[in-house]
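2 protein chains.
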Amino acid sequence: MDSTTREDEAAAESAPAESARRQRTRSRLLDAAFDVFAEQGVRAASVETIAEAAGFTRGAFYSNFSSKEELFFALMDREKTTRLEQLETGVARFLTPLVGDGAAELGDAEVVEIITRILELQSDDRRWWLVQTEFQLLALRDPEIAAGFVRYQDDFYRELTETVVAALTSARRRFTIDAEEAVRVIAELCASGEARALLDGDQRRFSERLSESVPAVLLALTRPV
Amino acid sequence: MDSTTREDEAAAESAPAESARRQRTRSRLLDAAFDVFAEQGVRAASVETIAEAAGFTRGAFYSNFSSKEELFFALMDREKTTRLEQLETGVARFLTPLVGDGAAELGDAEVVEIITRILELQSDDRRWWLVQTEFQLLALRDPEIAAGFVRYQDDFYRELTETVVAALTSARRRFTIDAEEAVRVIAELCASGEARALLDGDQRRFSERLSESVPAVLLALTRPV
Chain A
1 MDSTTREDEA AAESAPAESA RRQRTRSRLL DAAFDVFAEQ GVRAASVETI
51 AEAAGFTRGA FYSNFSSKEE LFFALMDREK TTRLEQLETG VARFLTPLVG
101 DGAAELGDAE VVEIITRILE LQSDDRRWWL VQTEFQLLAL RDPEIAAGFV
151 RYQDDFYREL TETVVAALTS ARRRFTIDAE EAVRVIAELC ASGEARALLD
201 GDQRRFSERL SESVPAVLLA LTRPV
Chain B
1001 MDSTTREDEA AAESAPAESA RRQRTRSRLL DAAFDVFAEQ GVRAASVETI
1051 AEAAGFTRGA FYSNFSSKEE LFFALMDREK TTRLEQLETG VARFLTPLVG
1101 DGAAELGDAE VVEIITRILE LQSDDRRWWL VQTEFQLLAL RDPEIAAGFV
1151 RYQDDFYREL TETVVAALTS ARRRFTIDAE EAVRVIAELC ASGEARALLD
1201 GDQRRFSERL SESVPAVLLA LTRPV
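Taken in sequence, the protein lines are chains A and B. Just so you know, the working numbering puts 161 at position 161 of the first sequence, and the rest follows in order with no gaps. Just so you know, the working numbering puts 1023 at position 23 of the second sequence, and the rest follows in order with no gaps.
So this is what it looks like as structure tokens:
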């Protein structure tokens, strides 16, 4: 938005095009950074390498992000939005049609089936787990990054909890322990599954690997209302 | 053991002393490596730095461990043993006296109290979480280390599950989902609590931070038999 105020009137009519181009540049930098982080590690990845992988100069990088850390937070934000949208799409597609008419309580087998379908929509991104964990380790050695990381995580879990609780409510179930704690437990279960699959070289999809454990834990931590 | 075969007969009678000294050397190297890993990171820590921190030469390091990785696995093994022993001590001290006489079923408040006491005995080692996570990331980029890491984790969870199931059985409770899955969920809950405390600069003890969530999840995942 700041850049618009610096543009002269003659250029003003091209502002939307400029803004769209800027978005594309940022998006390409984020894509390239994700690849470079996953390939070389977050610590080893340089601004130069990221800019080059995106087909830009170092200058183009710095006109979009003040540092590798700022880019990382933009990447986290994009991934957060993507994952929450995938979850909401899954709920709308596979859960809402079954419970919207106030039909009878869902059986356990139906719950397992619905969760598996919803998980199938989620990005199967072991690379994201890897990159995020590396960044978390950097954060542990840098209080400023740590504060941003905790803020991001808290936002993510708050939004995730809202979505999950709304879905459970529509299915007339509720958590038997603190909702955000329960959501964190299930999210950690998914994360440790990603880590394990990476270590094992397990090539199965996210939904296949987790279709037993996630529904089982969700059922164990909820009850019908 | 190999070194013994190289000793001449005259030295054979001093083998136990030699072995004890060797154990002390290994133990000092492990202690020093733990500090250096936590301080500098696992990747950055060199064999020279570890040897020096322990007060030994590089040669002494290599007469005990073939590599930094081999030392790391020895460190993991020591930590595994320590943590399992702490857990068994906690169970023997705080649970067994209450259930050994076949008394009435434990109430939820009692379960919370017992678990908190048992957690208080566990090493409050956020540094261990940090070092282990860094090593896990190295493993993710090296299939040979990955195989060893997975083997270690599987052994740890198998032994941990045996201990936890035995404790639950004595308290006449059982898991409502697969026991090892449940134990992994609770262990991950502890691990993510460590990560969070490190990021937040939370100085409370392990048992304080986890005295709400761990008993709540354990109760939610078990039922009386």
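Every residue, glycine too, gets a C-beta built ideally from N, C-alpha and C. These numbers come from a predicted model, not from an experiment.
*asked:* Please report the straight-line C-alpha distance between A/Arg-141 and B/Val-1047, rounded to a whole angstrom.
replied: 22 Å
*Taking buried to mean at least 16 other C-beta atoms within 10 Å of its own C-beta, is B/Ser-1063 buried or exposed?*
exposed
*What's the call for B/Gly-1090, buried or exposed, on a 16-neighbour Cβ count within 10 Å?*
buried
*Is it a yes or a no for the region 1134-1152 of chain B touching the region 192-199 of chain A, going by three-plus beta-carbon pairs under 8 Å?*
yes
*What are the residues that DSSP puts in a beta bridge with B/Pro-1224?*
B/Arg-1173
_Could you compute how far the alpha carbon of A/Ala-216 sits from the alpha carbon of B/Ile-1177?_
7 Å
*So, is the C-beta of A/Arg-158 closer than 8 Å to a C-beta in chain D?*
Reference to chain D is not applicable here, since the protein chains of this structure are A and B.
*Nearest-angstrom Cα separation, counted from B/Arg-1021 out to A/Val-131*: 43 Å
*Coil, strand or helix - A/Ser-63 by DSSP*: coil
*Please classify B/Thr-1116: does DSSP put it in a helix, a strand, or coil?*
helix
*Just to confirm, are A/Thr-222 and A/Leu-168 a CB contact at a threshold of 8 Å?*
yes
_Limits of the unbroken alpha helix (DSSP H) element including A/Arg-93_ = Unbroken run through A/Arg-93: none, as it is neither H nor E.
*Could you name the residues of the same chain whose beta carbon sits closer than 6 Å to that of B/Asp-1008, not counting the 5 residues immediately before and after it, in chain order?*
Interpretation of B/Asp-1008 is limited by its pLDDT of 49, a score under 50 that renders its predicted location unreliable; the figure taken from the coordinates is listed afterwards. Taken in chain order, the list of residues that qualify is empty.
_Looking at the ligand FAD, does it come within less than 7 Å of B/Phe-1073, judged from the CB to the closest heavy atom?_
As presented, the structure is devoid of all ligands, the ligand FAD included, so that no description of it is given.
*asked:* Quick check: the region 1083-1097 of chain B against the region 1111-1128 of chain B, are at least 3 beta-carbon pairs closer than 8 Å?
replied: yes
_Please report the straight-line C-alpha distance between A/Glu-113 and B/Glu-1208, rounded to a whole angstrom._
38 Å
*Look up A/Arg-22 in the DSSP assignment and say whether it is helix, strand or coil.*
helix
_Length of the line joining the Cα atoms of A/Ala-74 and A/Gly-59_ = 18 Å
*asked:* I want to verify the contact list: residues of chain B whose CB lies under 8 Å from the CB of A/Phe-149, in sequence order.
replied: Leu-1199
*What three-state label does DSSP hand A/Val-42 in the structure shown?*
coil
_Could you give the first and the last residue of the continuous alpha helix (DSSP H) run that contains B/Gln-1132?_
1126-1140
*Near B/Gly-1041, what residues of its chain come up, given a Cβ to Cβ distance below 8 Å and the 5 sequence neighbours on each side ignored?*
Glu-1134
*Alpha carbon to alpha carbon, how far is B/Val-1099 from B/Ser-1170? Give it in angstroms, no decimals.*
6 Å
*Answer with buried or exposed for A/Gln-153, where buried requires no fewer than 16 other C-beta atoms within 10 angstroms of its C-beta.*
buried
*Rounded C-beta distance between A/Trp-128 and A/Glu-69? I'm assuming under 8 Å.*
Actually they are not in contact, since the Cβ atoms of A/Trp-128 and A/Glu-69 sit about 17 Å apart, beyond 8 Å.
*Just the Cα atoms here: how many angstroms apart are B/Met-1001 and B/Phe-1206?*
Model confidence at B/Met-1001 stands at a pLDDT of 44, short of 50, so the residue's coordinates are unreliable; what they give is reported in the following sentence. Cα to Cα, the separation comes out at about 38 Å.
_Which listed residue (A/Glu-18, A/Glu-52, A/Arg-28 and A/Met-76) has its alpha carbon closest to that of A/Ser-148_ = It should be noted that the sequence gives Gly, not Ser, for residue 148 of chain A. Ranking A/Glu-18, A/Glu-52, A/Arg-28 and A/Met-76 by Cα distance to A/Gly-148 puts A/Met-76 first.
*Cβ neighbours of A/Thr-57 in the same chain (closer than 7 Å, five flanking residues each side left out)*: Ala-51
_Minimum C-alpha distance to A/Gly-55 - residue among A/Ala-44, A/Ala-45 and A/Asp-31_ = A/Asp-31
_Quick test of your reading: B/Val-1185 and A/Leu-219, contact by CB under 8 Å. State the CB separation rounded to the nearest angstrom._
With 8 Å as the limit, B/Val-1185 and A/Leu-219 do not qualify as a contact, their Cβ atoms being about 13 Å apart.
_Simplified DSSP assignment, three categories, for B/Ser-1243_ = As displayed, chain B neither begins before 1001 nor continues past 1225, which places residue 1243 of chain B out of reach and without an answer.
*Other residues of its chain near B/Ala-1195: CB distance less than 7 Å, five sequence neighbours each side excluded*: Trp-1129
*Buried versus exposed call for B/Val-1036 [16 or more other C-beta atoms within 10 Å across all chains shown]*: buried
*What separation, rounded to the nearest whole angstrom, lies between the Cα atoms of A/Ala-179 and A/Val-165?*
7 Å
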